Each structure stands twice: as structure tokens, then as C-alpha cells.
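Undergrad: The sequence shown begins at 1 in UniProt numbering and counts up by one.
We put the CB at the ideal spot given by N, CA and C, even for glycine.
All figures in this text were calculated on a predicted structure; none of them were measured in a lab.
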Amino acid sequence: MKIATWNINSARARADRILNVLERHDLDVLALQEIKCKPEQFPAAEIEAAGYEIAAHGLNQWNGVAIISRVGLSDVRYEFPGQPGFTKGIPDDGAAFINGPREARAIGARVGGIDLWSLYVPNGRAVGDPHYFYKLEFLRALQEFATTQTRLGIDLTLVGDWNVIPTDDDVWDPSAMEDGIYLTDAERAAFHAFSVAGMREVSRDFATNYTFWDYQKLRFPKNEGLRIDYVWASEGLAQRTIAGAIDRDERKGKGASDHVPVIVEFAS
Numbered sequence: 001m002k003i004a005t006w007n008i009n010s011a012r013a014r015a016d017r018i019l020n021v022l023e024r025h026d027l028d029v030l031a032l033q034e035i036k037c038k039p040e041q042f043p044a045a046e047i048e049a050a051g052y053e054i055a056a057h058g059l060n061q062w063n064g065v066a067i068i069s070r071v072g073l074s075d076v077r078y079e080f081p082g083q084p085g086f087t088k089g090i091p092d093d094g095a096a097f098i099n100g101p102r103e104a105r106a107i108g109a110r111v112g113g114i115d116l117w118s119l120y121v122p123n124g125r126a127v128g129d130p131h132y133f134y135k136l137e138f139l140r141a142l143q144e145f146a147t148t149q150t151r152l153g154i155d156l157t158l159v160g161d162w163n164v165i166p167t168d169d170d171v172w173d174p175s176a177m178e179d180g181i182y183l184t185d186a187e188r189a190a191f192h193a194f195s196v197a198g199m200r201e202v203s204r205d206f207a208t209n210y211t212f213w214d215y216q217k218l219r220f221p222k223n224e225g226l227r228i229d230y231v232w233a234s235e236g237l238a239q240r241t242i243a244g245a246i247d248r249d250e251r252k253g254k255g256a257s258d259h260v261p262v263i264v265e266f267a268s
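#1: Hey, Q239 and D161 are a contact pair by Cβ (cut 8 Å); roughly how many whole angstroms apart?
#2: Starting from the Cα of L59, find the closest Cα among D26, F220, A13 and R102 and give me that residue.
#3: How about L152: is its C-beta nearer than 8 Å to some C-beta of chain D?
#4: If you reduce the DSSP assignment to three classes, tell me which class E79 lands in.
#5: Beta carbon of G64, beta carbon of I18: below 8 Å?
#6: Starting from R200, follow its DSSP beta bridges and name the residues at the other end.
#7: According to the neighbour-count rule (16 or more other Cβ atoms, all chains shown, within 10 Å of its Cβ), is R12 buried or exposed?
#8: Where I246 and N20 are concerned, what is the direct C-alpha to C-alpha distance, given to the nearest angstrom?
#9: Since V121 and F138 are thought to touch, with beta carbons under 8 Å apart, how far apart are those beta carbons, to the nearest angstrom?
#10: Classify I242 as buried or exposed, calling it buried when 16 or more other Cβ atoms lie within 10 Å of its own Cβ.
#11: Relative to the C-alpha of I181, which candidate in R125, A49 and T5 has its C-alpha closest?
#12: Starting from K135, trace the alpha helix (DSSP H) both ways and give me its first and last residue.
#13: Where does H192 sit, in a helix, a strand or coil, going by DSSP?
#14: With a threshold of 16 other CB atoms inside 10 Å of the CB of V159, please say whether the residue is buried or exposed.
#15: If you draw a straight line from the C-alpha of P39 to the C-alpha of A56, how long is it?
#16: What's the call for K217, buried or exposed, on a 16-neighbour Cβ count within 10 Å?
#17: Quick one: grab the DSSP three-state call for S69.
#18: Can you tell which of V196, E201 and I165 has the C-alpha that lies nearest to the C-alpha of D185?
#19: DSSP on Y74, reduced to helix/strand/coil?
#20: Measuring alpha carbon to alpha carbon, tell me which residue in A106, R110 and F86 is nearest L73.
#21: Judging by CA-CA distance, which residue of K135, R24 and D170 is the nearest neighbour of Y230?
#22: Indicate whether V262 and T208 have their beta-carbon atoms separated by less than 8 Å.
#23: Which of helix, strand or coil does DSSP assign to V164?
#24: Relative to the alpha-carbon of P43, which residue among A15, H25, S118 and Y132 has its alpha-carbon at the smallest distance?
#25: In three-state terms, what does DSSP make of V21?
#26: With DSSP as the reference, label Q41 as helix, strand or coil.
#27: With H, G and I counted as helix, E and B as strand and the rest as coil, what does DSSP make of S175?
Here it is in C-alpha cells:
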């Protein structure tokens with residue numbers, strides 16, 4: 001089964017690119033982030049005509065996630081247990097996030113016999129900002145959920161835009177990151193904690209490249225990018241990973257997203 005994760009940065013603006021990626025890579029499943037629309041606004045017609053089912057979760061023009069599958073799509077969930085919410089102006093205390101409004105940042109479903117979650121991890125904005133603590137709480141709660149699932153022996157994959165730079169090799173210049181966001185010790189520890197949950201990040205075994213290039217300052221032509229899009233898989237599933245790629249060419253041309261698809265393939 002071949003899956004991909006991609007921050008599309010507006011599904012409606014890039015509907016043709018979604019269909020092209022599905023066809024070009026012969027994908028069974030495509031997880032999207034930042035669809036930036038409500039489910040009824042998602043450009044579904046041509047995708048469904050190509051034989052895919054769609055589950056989308058979006059509340060407004062911000063955030064939003066979706067799963068597109070041709071290998072089944074069932075048990076759709078729109079948040080994971082313990083997922084925090086966010087309210088502006090709350091104290092820098094993780095407990096304060098529990099009762100905040102849930103943003104459209106997670107969607108899970110059973111696809112091809114595995115439990116797959118498309119995730120758009122909060123950006124964090126700046127070190128010390130309330131959104132930064134929200135990000136850390138989001139990752140902590142997600143890791144706790146993942147631990148529960150892997151202990152039950154569930155084939156689980158968590159894919160998406162993690163908004164974390166795990167190592168200095170995953171950014172063209174660490175010093176260029178404003179306020180050090182994405183690469184603080186706390187963010188990196190929260191990312192690597194998924195290995196303690198019985199999971200393994202599997203895309204790095206097959207592909208070395210960035211996955212995001214800002215639209216500003218000619219970042220893409222200069223290859224001044226970040227690697228922030230990843231695929232975590234439970235150990236049994238990770239052992240079945242047989243291929244992977246980063247579709248850098250998708251960043252080219254007019255109307256490209258600032259992210260590119262990350263693709264992995266699991267043996268049956």
C-alpha cells in the first residue's frame with residue numbers, strides 16, 4: 001500500500017495538483033493538511049470519479065485535514081483522545097488547553113487495514129508564546145494516544161506536517177530560524193518521544209531532502225528549505241516499509257504549495 005502526506009496549503013486552490021499527485025504516484029492513500037475549507041467546500045468530484053473516497057475535517061478557512069483513500073475508508077474520527085484545544089490569552093499551563101475549542105488539526109480513519117491519522121501540528125509561532133505551549137501539549141497528548149494504540153498491537157501511522165525540525169541537518173541554516181522556533185530542545189524531545197511510544201519514523205530511511213520551502217526570498221531556487229513533514233509507523237508496520245520518496249518536483253511551477261508530498265510504501 002502506497003501512502004503520501006502533503007500540506008496542500010488550500011485544497012480548492014490546488015485541486016488539479018491533488019489529482020495529478022494521486023495519478024502520478026499511483027497512491028492508495030493521500031493525507032492532506034491545511035485544506036483551508038469546510039468538508040462541503042472540498043473539491044471532491046474529480047477525485048471521487050477517479051475511484052477514491054474522501055473524509056475531510058475543516059471548520060473555516062484555516063487549518064483543516066483530510067484523508068483520500070481507494071483502499072477503504074471507515075471509522076473516521078475528527079480528533080484523537082486528549083487532543084487539546086486553543087484559546088488566545090490562556091496561561092502558559094498545559095492544563096489550560098483541555099477545555100479550549102478544538103481546531104481542525106487531526107483526522108483518523110481505517111484505510112487498507114491500518115489506522116492512519118493526518119495531522120497538522122500547531123506551528124508554535126514563537127518560543128514562549130501560548131501557541132508554543134499548545135504545540136507541546138498537542139504533541140504530548142498525541143504521543144500518549146500513540147502509546148495506547150501500539151500497546152494494543154494496532155497497525156498505526158501518524159503522518160503530516162509536524163512543524164518540528166528534528167535535527168540541524170533538516171534545515172539549510174539553523175541560525176536562520178526566527179526565535180529558534182521548530183528546533184528547540186522541547187520540540188525535538190516531543191517529536192523523538194514517539195519512538196518511546198513504539199513507533200519509527202520511516203521516510204528518512206528512503207529519502208533525504210527538504211519538504212518545505214518558503215515562498216519568500218527565492219528559498220526554493222536556493223534550496224533553502226526545511227524538513228518538517230514525516231511518517232511515523234508502529235513497529236510492525238515500520239518493518240513492512242519497502243520504499244519512500246519526497247516529490248521535490250511538486251514544488252515547481254505556478255501555483256505550487258510550499259510543501260511537497262512525502263511518500264512511503266508498505267508491503268501487504
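TA: Reading from the atomic positions:
#1: Your numbering for residue 239 matches position 239 in the sequence shown. Your numbering for residue 161 matches position 161 in the sequence shown. Between D161 and Q239 the Cβ distance is about 25 Å, and since that is not below 8 Å, they are no contact.
#2: Here residue 59 refers to the residue found at position 59 of the sequence shown. When only C-alpha atoms are compared, the closest one is R102.
#3: Annotation note: the requested chain D is absent from the structure, which comprises a single protein chain.
#4: Counting from one through the sequence shown, the residue named residue 79 turns up at place 79. Note: E79 maps to coil in three-state DSSP.
#5: The count along the sequence shown starts at 1 and reaches residue 64 at position 64. The count along the sequence shown starts at 1 and reaches residue 18 at position 18. Taking 8 Å as the Cβ cut-off, G64 and I18 do not qualify as a contacting pair.
#6: Within the sequence shown, residue 200 is the residue found at index 200, counting from 1. R200 is bridged to A233.
#7: As a first step, residue 12 is located in the sequence shown; it is residue number 12 there, counting from the start. It is exposed - the Cβ of R12 has fewer than 16 other Cβ atoms within 10 Å.
#8: Stepping through the sequence shown from its first residue, residue 246 is reached at position 246. Stepping through the sequence shown from its first residue, residue 20 is reached at position 20. Taking the straight line joining both Cα atoms gives about 15 Å.
#9: In the sequence shown, residue 121 corresponds to position 121, counting from 1. In the sequence shown, residue 138 corresponds to position 138, counting from 1. Confirmed, Cβ separation roughly 6 Å.
#10: Along the sequence shown, one-based indexing puts residue 242 at 242. Per the 10 Å Cβ criterion, exposed.
#11: The residue given as residue 181 occupies position 181 in the sequence shown. The candidate whose alpha carbon is nearest that of I181 is R125.
#12: Translated into positions along the sequence shown, residue 135 becomes position 135. For K135, the enclosing alpha helix (DSSP H) begins and ends at P130 to R151.
#13: Counting from one through the sequence shown, the residue named residue 192 turns up at place 192. Helix, per DSSP.
#14: Looking up residue 159 in the sequence shown gives position 159. Per the 10 Å Cβ criterion, buried.
#15: For this step, residue 39 is matched to residue 39 along the sequence shown. For this step, residue 56 is matched to residue 56 along the sequence shown. Computed Cα separation, rounded: 5 Å.
#16: Walking along the sequence shown from the start, residue 217 turns up at place 217. K217 comes out exposed.
#17: On the sequence shown, residue 69 is found 69 positions in, with the first residue counted as 1. DSSP places S69 in strand when its eight states are reduced to three.
#18: Numbered from 1 along the sequence shown, position 185 holds the residue referred to as residue 185. Here the closest residue by C-alpha is I165.
#19: By 1-based counting over the sequence shown, the position of residue 74 is 74. The residue asked about is misnamed: residue 74 is Ser in this sequence, not Tyr. Here S74 sits in strand by DSSP.
#20: On the sequence shown, position 73 is the one that residue 73 refers to. Nearest C-alpha to L73: R110.
#21: Position 230 of the sequence shown holds residue 230. Measuring from the Cα of Y230, the nearest candidate turns out to be D170.
#22: For the purposes of this step, residue 262 is taken as the residue at position 262 of the sequence shown. For the purposes of this step, residue 208 is taken as the residue at position 208 of the sequence shown. No.
#23: In the sequence shown, residue 164 corresponds to position 164, counting from 1. It is coil, neither helix nor strand.
#24: Stepping through the sequence shown from its first residue, residue 43 is reached at position 43. For P43, the nearest C-alpha among the options comes from A15.
#25: Taking the first residue of the sequence shown as 1, we reach residue 21 at position 21. Three-state result, V21: helix.
#26: Position 41 of the sequence shown, counted from the first residue, corresponds to residue 41. When DSSP states are grouped into helix, strand and coil, Q41 belongs to the helix group.
#27: In the sequence shown, counting from the first residue as 1, residue 175 sits at position 175. Reduced to three states, the DSSP call for S175 is helix.
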